[in-house]
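Protein chains in written order, with the numbering used here: chain V, 748 to 964; chain G, 244 to 401.
Ideal Cβ placement from N, Cα and C applies to all residues, glycine included.
Spelled out as structure tokens, the structure:
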């Protein structure tokens with residue numbers, strides 16, 4: 748380690764110390780001066796503020812008094828106008844009420860007239876309907892009676908025809924039976940009673956008839 | 244050929260008789276010519292008829308023409324007029340001959356009868372000629388006079 752001379756160092760140190768002290772003092776005085784200046788400005792500011800506040804209070808008082816006056820004036824005007832309005836409204840309401848009453852009375856009158864007219868029309872219509880119904884009912888009854896009568900007559904005719912047909916069929920059947928019985932009887936009797944000669948004579952007779960009729964050519 | 248048919252039809256009046264007699268001839272000639280063993284049973288009437296056949300008729304058949312003659316007779320009979328007669332009773336061959344004879348007297352020779360039995364006819368007969376049926380029996384007469392019979396019958400019911 749090299750040897751450093753002690754004197755220049757001490758000298759330098761003392762110079763630095765001196766400069767630092769000077770700077771400190773300068774700063775100390777500057778701050779003191781600033782504090783005084785600030786105090787003065789603050790005082791002035793407070794005074795001005797008080798002045799402004801006083802002026803504002805005065806202005807406020809003035810404004811309030813003017814406002815109160817205007818308000819009072821407005822209230823009185825409003826009251827007057829309101830009273831007029833109320834009076835007008837009452838009048839208008841009264842007239843409206845009267846008109847409504849009149850209108851209702853008129854309406855009632857018209858309604859009664861309409862009711863009378865409509866009840867008369869309805870009565871007339873109902874009477875017409877009843878008359879028409881009676882006439883149609885009478886027609887219907889007559890038609891039904893005629894139809895029923897003709898239907899019954901037709902049924903009777905059909906029944907009579909059926910009976911006649913049945914009777915004819917039965918009589919025909921009886922006739923057929925009579926003929927069949929007679930044929931059977933003849934068959935039995937003639938088979939016993941007719942001789943071969945008689946049978947042959949009848950065959951010859953039949954053949955001669957065929958000859959006469961030219962059935963066999 | 245017509246002579247052969249005329250000879251057979253001379254005493255043959257019905258179709259069944261004709262067919263039977265043709266079989267008899269066939270059987271006989273087959274025995275004669277070919278010594279066939281098949282024989283046809285002959286009734287006395289058939290035997291009598293067979294014996295009554297003239298010699299010339301029998302000589303008309305020989306070995307060579309037998310088949311031809313028989314088939315020719317068969318085909319001839321198909322063209323012979325056949326009158327169908329419906330009778331109410333079952334009559335004997337003799338009675339059938341009498342009826343056949345009467346038919347030939349009335350309508351001409353070579354007529355053959357096809358006899359059928361119908362008891363519903365009661366009496367008389369019905370005929371069919373060329374597909375047309377006509378009833379000449381008592382049954383038919385009763386049918387024609389049905390109304391009159393019924394009216395007279397109903398008089399007894401009242």
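Check your understanding: Which of the three DSSP states, helix, strand or coil, is assigned to residue 422/G?
Key -> The requested residue 422/G is not part of the displayed model; chain G covers only 244 to 401.
Exercise for review: Would you check if the distance between the CB atom of residue 367/G and the CB atom of residue 953/V is smaller than 9 angstroms?
Suggested key: For residue 367/G and residue 953/V, yes; Cβs fall inside 9 angstroms.
Review point. If you follow the alpha helix (DSSP H) that residue 336/G is part of, which residue opens it and which one closes it?
Key: 336-350
Review point. Counting only runs that start and end within the segment 784-835 of chain V, where is the beta strand (DSSP E) found for 3 or more residues in a row?
Key: none
Review point. Are residue 249/G and residue 339/G close, meaning C-beta to C-beta below 9 angstroms?
Key: No. Outside cutoff.
Review point. Who are residue 328/G's beta bridge partners in DSSP?
Key: 358/G, 370/G
Practice item. Taking residue 269/G and residue 296/G to be in contact with their CB atoms under 8 angstroms, please state how far apart those CB atoms are, rounded to whole angstroms. Key: For a cut-off of 8 angstroms, the C-beta gap from residue 269/G to residue 296/G is around 14 angstroms, too long to register as a contact.
Check your understanding: Ends of the alpha helix (DSSP H) at residue 376/G?
Key -> It is not in any alpha helix (DSSP H) - residue 376/G instead sits in the beta strand (DSSP E) that spans 375-378.
Check your understanding: What does residue 940/V reach in chain G if we use C-beta pairs closer than 9 angstroms?
Key -> Correct list: empty, because the minimum Cβ distance to chain G is about 10 angstroms.
Review point. Which one of 316/G, 328/G, 354/G has the shortest CA to CA distance from residue 371/G?
Key: 328/G
Review point. Mind pulling the chain V residues with CB within less than 7 angstroms of residue 379/G?
Key: 953, 956, 957
Exercise for review: Alpha carbon to alpha carbon, how far is residue 908/V from residue 349/G? Give it in angstroms, no decimals.
Suggested key: 53 angstroms
Check your understanding: Grouping DSSP H, G and I as helix and E and B as strand, with all else coil, what is residue 891/V?
Key -> helix
Point to revise | Residues that residue 947/V contacts on chain G, provided the C-beta gap is smaller than 9 angstroms | key: Within chain G, the residues placing a beta-carbon under 9 angstroms from that of residue 947/V are 334, 338, 341, 342, 345, ordered along the chain.
Review point. Based on the DSSP output, what are the partners of residue 257/G in its beta bridges?
Key: 356/G
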